[in-house]
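Protein chains in written order, with the numbering used here: chain A, 5 to 190; chain B, 21 to 204.
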């Protein structure tokens, strides 16, 4: 059972970090399927906790070849752009979203859609909490659609990426989710 | 004295940009395991479906997959025949932000507006299939929506949405991304 978001936000940063539920490779290999019928409105998804350092930011810049200095050049960030520090990339945050939805729907569900905004500047030293909560569910074309509220909060409860998502889970006795995914006609 | 209403931001010229598409671009190179390794490690996604060949064959995908929107970054790699835009950026401006004026293939023509301040207004992702190692990636940008809104002071501004579709050599759509910006 995941730690509730509200409870996490009442904890000290190091306690939040200890509640990290990001799976390792074996956890993803052995992930058991969550079915549509297992999910209820109000359920919270596991919390992925991150502690970004300047080295993490540099690694992301290098991986995607994003050379914008605000992400790795502290002097430039402070004195040119007047930022509070080097900044966590929006591109990293938006890549965590499909990863998070993929992991939750593995092995046979599908992380279909997400919509979100980038708010707040995140900096090394922040503790970041990727979270999700079920807001509604419905069946269509023998597939189970789950609507989620999602976001990435800091340890202080500041929401840096408010959004929503739609994922697809199989019905217990239903057919496989089509792959490549084919959304139902409206 | 009567105050004049500010001119509309959504002029006929701006509205005409809705649906305008860029060129179809074939990305440089292919989806490769080394790019994927660096990307997934930087993302901190240790999924064995990305790197354990035997395990990947036992999954519903039957092969290694790659992270869902990785292609959106891979596709914007600077091509080796594009010169050295970083050095050029700093020659042009020693205080360059590191991006300079790198021209990306497939860019859309600018929206004809005098509103120059740009703010991020949100993103959307639609996922259809995971890219495979060896895939050739194609993409195309288009202005999918432009709307006018009024600020608190009654001044109109624009919300411009740029959509990018990514697909592979078999014409399978992999993902669609939409990035909306506010122009004030």
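Even for Gly, the Cβ is constructed at its ideal location relative to N, Cα and C.
Query raised in the report: Using the C-alpha atoms, what's the distance from residue 67(A) back to residue 33(B)?
Result: The alpha-carbon atoms of residue 33(B) and residue 67(A) are separated by roughly 39 Å.
**Report entry** From 109(A), 102(A), 29(A), 101(A), residue whose alpha carbon lies closest to that of residue 149(A)
**Finding:** Taking each of 109(A), 102(A), 29(A), 101(A) in turn and checking the Cα distance to residue 149(A), the smallest one comes out for 109(A).
Query raised in the report: Which of the residues in the segment 130-145 of chain A, read from start to end, lie with their CB under 9 Å from any CB of chain B?
Result: From the segment 130-145 of chain A, no residue has a Cβ closer than 9 Å to chain B.
Query raised in the report: Residues of chain B with CB under 8 Å from residue 28(A), in chain order?
Result: By Cβ distance, chain B contributes 66.
Report task. Spell out whether any CB of chain A is found under 8 Å from the CB atom of residue 125(B). Result -> With 8 Å as the cut-off, residue 125(B) does not count as an interface residue toward chain A.
Query raised in the report: Exposed or buried, which one is residue 40(A) when buried takes at least 16 other CB atoms within 10 Å?
Result: With 16 or more Cβ atoms within 10 Å of its Cβ, residue 40(A) is classed as buried.
Query raised in the report: For residue 152(B), is the beta carbon positioned less than 7 Å from some heavy atom of the ligand ATP?
Result: Among the components modelled here there is no ligand, and therefore nothing to report on the ligand ATP.
Report task. Please state if the CB of residue 100(A) and the CB of residue 63(B) are separated by a distance shorter than 8 Å. Result -> The answer is yes: Cβ separation under 8 Å.
**Report entry** Alpha carbon of residue 35(B) to alpha carbon of residue 130(B), nearest angstrom
**Finding:** In a straight line, the C-alpha of residue 35(B) is about 12 Å away from that of residue 130(B).
Report task. Check the Cβ-Cβ distances between residue 32(A) and every residue of chain B, and say whether any is below 8 Å. Result -> Under the Cβ distance rule, residue 32(A) counts among the residues neighbouring chain B, one pair being separated by less than 8 Å.
Requested in this report: Measure from the C-beta of residue 64(A) to each C-beta in chain B and report whether the shortest distance is under 8 Å.
Outcome: At least one C-beta of chain B is nearer than 8 Å to the C-beta of residue 64(A).
Requested in this report: Would you list the one or two residues that DSSP bridges to residue 166(B)?
Outcome: Partner(s): 180(B).
Query raised in the report: Quick one, which residues of the segment 104-118 of chain A are near chain B if we go by CB-CB under 9 Å, in chain order?
Result: Within the segment 104-118 of chain A, the residues whose Cβ lies closer than 9 Å to some Cβ of chain B are 105, 106, 107, 110, 111, 112, 114, 115, 116, 117, 118, listed in chain order.
Query - Backbone CA spacing between residue 128(A) and residue 90(A) [nearest angstrom] - result: Whole-angstrom Cα-Cα distance: 7 Å.
Requested in this report: Determine the closest residue to residue 118(A) out of 28(A), 131(A), 50(A), 102(A), with distance taken between C-alpha atoms.
Outcome: If we check each option's Cα against that of residue 118(A), 102(A) comes out closest.
**Report entry** Close beta carbons around residue 47(B), own chain, < 6 Å, minus the five adjacent residues each side
**Finding:** Listed in chain order, the non-local C-beta contacts of residue 47(B) below 6 Å within the same chain comprise 95, 157, local neighbours out to five positions each way being set aside.
Report task. From the DSSP output, in three-state form, read off residue 197(B) for me. Result -> Correct three-state label for residue 197(B): strand.
Requested in this report: Please classify residue 25(B): is it buried, with 16 or more other beta-carbons within 10 angstroms of its beta-carbon, or exposed?
Outcome: It is exposed - the Cβ of residue 25(B) has fewer than 16 other Cβ atoms within 10 Å.
Report task. Pull up the DSSP beta-bridge partners for residue 117(A), would you. Result -> DSSP, once it has assigned bridges, lists 170(A), 146(B) as partnering residue 117(A).
**Report entry** Status (buried if at least 16 other CB within 10 Å, exposed otherwise) for residue 77(B)
**Finding:** Under this definition residue 77(B) is an exposed residue.
Report task. Give the secondary structure of residue 147(A) by DSSP, where H, G and I count as helix, E and B as strand, and everything else as coil. Result -> Residue 147(A) falls in the strand class under three-state DSSP.
Query raised in the report: At a Cβ cut of 9 Å, what residues of the segment 62-93 of chain A count as close to chain B, listed as they run along the chain?
Result: The segment 62-93 of chain A vs chain B, Cβ under 9 Å: 63, 64, 65, 66, 67, 68, 69, 70, 71, 72, 73, 74, 75, 76, 77, 80, 84, 85.
Report task. Write down the C-beta distance between residue 79(B) and residue 153(B) rounded to the nearest angstrom, noting that I regard them as a contact closer than 8 Å. Result -> Between residue 153(B) and residue 79(B) the Cβ distance is about 14 Å, and since that is not below 8 Å, they are no contact.
Query raised in the report: How close, in whole Å, do the beta carbons of residue 128(B) and residue 40(B) come, if the pair is a contact with beta carbons under 8 Å?
Result: Confirmed, about 6 Å.
**Report entry** Proximal chain B residues relative to residue 121(A), where beta-carbon distance stays under 8 Å
**Finding:** Those are 140, 141, 142, 143, listed as they occur along chain B.
Query raised in the report: Should residue 10(A) go down as buried or exposed, given a rule of 16 or more other Cβ atoms within 10 Å for buried?
Result: Residue environment for residue 10(A): exposed (fewer than 16 other C-beta atoms within 10 angstroms of its C-beta).
Report task. Sort 38(A), 130(A), 135(A), 30(A) by Cα distance to residue 175(A) and report the nearest one. Result -> For residue 175(A), the closest alpha carbon among the candidates 38(A), 130(A), 135(A), 30(A) is that of 38(A).
Report task. Give a yes or no on whether the minimum CB-CB distance between residue 95(A) and chain B is below 8 Å. Result -> Chain B contact via Cβ: present.
Query raised in the report: Using a beta-carbon distance cut-off of less than 9 Å, what residues from the segment 177-188 of chain B approach chain A?
Result: Cβ contacts with chain A: none found.
Requested in this report: Give a yes or no on whether the C-beta atoms belonging to residue 92(B) and residue 163(B) are separated by under 8 Å.
Outcome: Contact: no.
Query - Bounding residues of the beta strand (DSSP E) (the contiguous stretch that carries residue 104(A)) - result: Per DSSP, residue 104(A) belongs to no beta strand (DSSP E); it is in the alpha helix (DSSP H), 94-109.
Query raised in the report: Which residues in chain B sit within 8 Å of residue 98(A), going by Cβ to Cβ distance?
Result: Correct list: 89, 143, 145.
Query raised in the report: Between residue 88(B) and the rest of its own chain, which residues show a CB-CB distance below 7 Å, the 5 nearest in sequence each way excluded?
Result: Within the same chain, Cβ atoms closer than 7 Å to the Cβ of residue 88(B) are found at 147, 150, 195, the five residues on either side in sequence being excluded.
Query raised in the report: Hey, would you say residue 144(A) sits closer than 8 Å to residue 188(A), going by beta carbons?
Result: Annotated as proximal: residue 144(A) and residue 188(A), with beta-carbon spacing under 8 Å.
Requested in this report: Check the Cβ-Cβ distances between residue 172(A) and every residue of chain B, and say whether any is below 8 Å.
Outcome: Not one chain B Cβ lies under 8 Å of residue 172(A).
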